[in-house]
Ligand code: GLN
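Residue numbers (our numbering): 596 to 1087.
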């Protein structure tokens, strides 16, 4: 079953003509039909388009392949917040109605140029606001390890699809943890690149100064391959940075001897589930066995991260989401005048979490409150970034949990937004600081058996180091080989 392979194993077989791109695509589509009813990772997919891409890849492969196309024939699925030409773009919301994207995001152009088979729309919290995918207007995604539990969010569909072998890799977006937290809860690899590493052109904006597109993979090598393709400067995104893109997969040598890793003392406080803590401790021991030097560090402004994030993110969201007015795209509910039309459309089109954030964001930006909230939050954001830069003066990477607990039951926090916000404590600072983060599987809870993820945070544009550490750890541990029972379901 080619859908169960890692991306790098599939590529090797495609190149040796042991399997065709059509076989790979077909295997994903059949597996989705078999299992997606149980997890709802996909909002839609277009088999005819997917298979046509596969056939084009097979023609190239028959002619000996193409060295400039490292992802030739590899099925990669996409979060519903990234524009793919001629495919629906809903952002997990009703407000876009039947909107179909007229263009490809830069990351999609790059995937296509690398030969990938771009398919499917993956479920997400509405406009990427949430930590459980329960805020999707189209119903929640379920965790492949236990369908009564959440897969994390907001990129829950992306993480679940990769963990359940419905695709080889996926793209997601991370504004405050939306790649790393679901990767952790579903047991796959999730990579949030440095702000500016990957173009945001064609990513529907939530909070523009925090958003970044990144990759989900079954292994660190797979995530490295996808990052190598999607990274780089883009004149259409003025915040993308003209830094050269290293050959990420080529640098994975398994050697981390002598690297210095810091564990923030602020991350080991109450609220951390004992099994998550035990898995983290074991990971630290493993890193030491591999020759890394692990030391305690301090990120003194950690306590302010959640409050700071929920001011900045909601402020930016309130401005970004003003464009969904019933005039420009998607849903329109008519009114006697434009104001009534706006009100009716936005009232019906947005869900409760999005409305809550627009209201909060409008408030913190309003005159009289701007200085007290928004400006103050920007200052604290600088302090949080300085904490990290200071830490990176003495350590090569920071090690910690990705989420305080394993996946929680669907419904547990749905009515308590504050509890949901607090679950982002370990991922949010990374976006405020603009640095990069990688999550790799590091164990399981006992009963029920649920994945636990290890988070590595790195210097701006230090993805290469994170991937090296993650890969070395992965090679030394068995966790990434485990699969949910659901992914083994095969045709009778
Ligand atoms: N869970 C966080 C939020 O609700 C982060 C979401 C994200 O990264 N898109 O905003």
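C-beta atoms are modelled at their ideal positions from N, C-alpha and C, and glycine is treated no differently.
Counting only runs that start and end inside the stretch 744 to 772, the beta strand (DSSP E) elements of at least 3 residues fall at 764 to 769. The alpha-carbon separation between residue 1081 and residue 762 amounts to approximately 14 Å. C-alpha of residue 1077 to C-alpha of residue 916: approximately 40 Å in a straight line. Of the residues 779, 617 and 1067, the one whose Cα lies closest to the Cα of residue 854 is 1067. Excluding its 5 nearest sequence neighbours in each direction, residue 983 has C-beta neighbours in its own chain below 6 Å: 1028 and 1030, listed in chain order. By the neighbour-count definition (other C-beta atoms within 10 Å, threshold 16), residue 959 is a buried residue.
Within 7 Å of the C-beta of residue 620 there is not a single heavy atom belonging to the ligand GLN. Around the beta-carbon of residue 890, fewer than 16 other beta-carbon atoms lie within 10 Å, marking it exposed.
Scanning the stretch 691 to 736 from its first residue to its last, the whole beta strand (DSSP E) runs of 3-plus residues come out as 712 to 717. Listed in chain order, the non-local C-beta contacts of residue 640 below 6 Å within the same chain comprise 714 and 715, local neighbours out to five positions each way being set aside. Going by DSSP, residue 1012 is part of the alpha helix (DSSP H) stretching over 1012 to 1017. Segment contact: the stretch 944 to 962 against the stretch 724 to 738, three or more CB-CB distances shorter than 8 Å; contact assigned.
Annotation note: the stretch 958 to 1031 contains the following uninterrupted beta strand (DSSP E) runs of length 3 or greater, listed N- to C-terminal: 992 to 996. Sequence-distant Cβ neighbours of residue 664 in its own chain, meaning closer than 6 Å and more than five residues away, are 709 and 710. Counting along the chain, no alpha helix (DSSP H) covers residue 1050; the unbroken beta strand (DSSP E) around it starts and ends at 1046 to 1053. Of 618, 1055, 831 and 1040, the smallest CA-CA separation from residue 868 is found for 1040.
Contact fails between the stretch 650 to 667 and the stretch 779 to 789, because fewer than three Cβ pairs, one in each stretch, are under 8 Å apart. Secondary structure note for residue 777: its alpha helix (DSSP H) is the uninterrupted segment 775 to 781. Within its own chain, the residues whose Cβ lies closer than 6 Å to the Cβ of residue 755, once the five positions on either side in sequence are excluded, are 634, 636, 736, 739, 746 and 781, listed in chain order.
Between residue 694 and residue 924, the CB-CB gap stays under 8 Å.
Residue pairing by DSSP puts residue 888 in a beta bridge opposite 855. Within 10 angstroms of the beta-carbon of residue 963 lie fewer than 16 other beta-carbons, which makes it exposed. Note on geometry: alpha-carbon atoms of residue 825 and residue 1043 lie some 36 Å from one another.
For residue 1080, there is no enclosing beta strand (DSSP E), as DSSP marks it with neither H nor E.
Between residue 953 and residue 940, the gap from beta carbon to beta carbon reaches 8 Å or more. Comparing C-alpha distances from residue 659 to each of 670, 610, 632 and 703 shows the shortest one belongs to 610. In terms of Cα proximity to residue 696, the closest of 1061, 1079 and 798 is 798. Setting aside the 5 residues that flank it on each side, residue 823 is surrounded in the same chain by 843, each with a C-beta closer than 6 Å to its C-beta; the list follows chain order.
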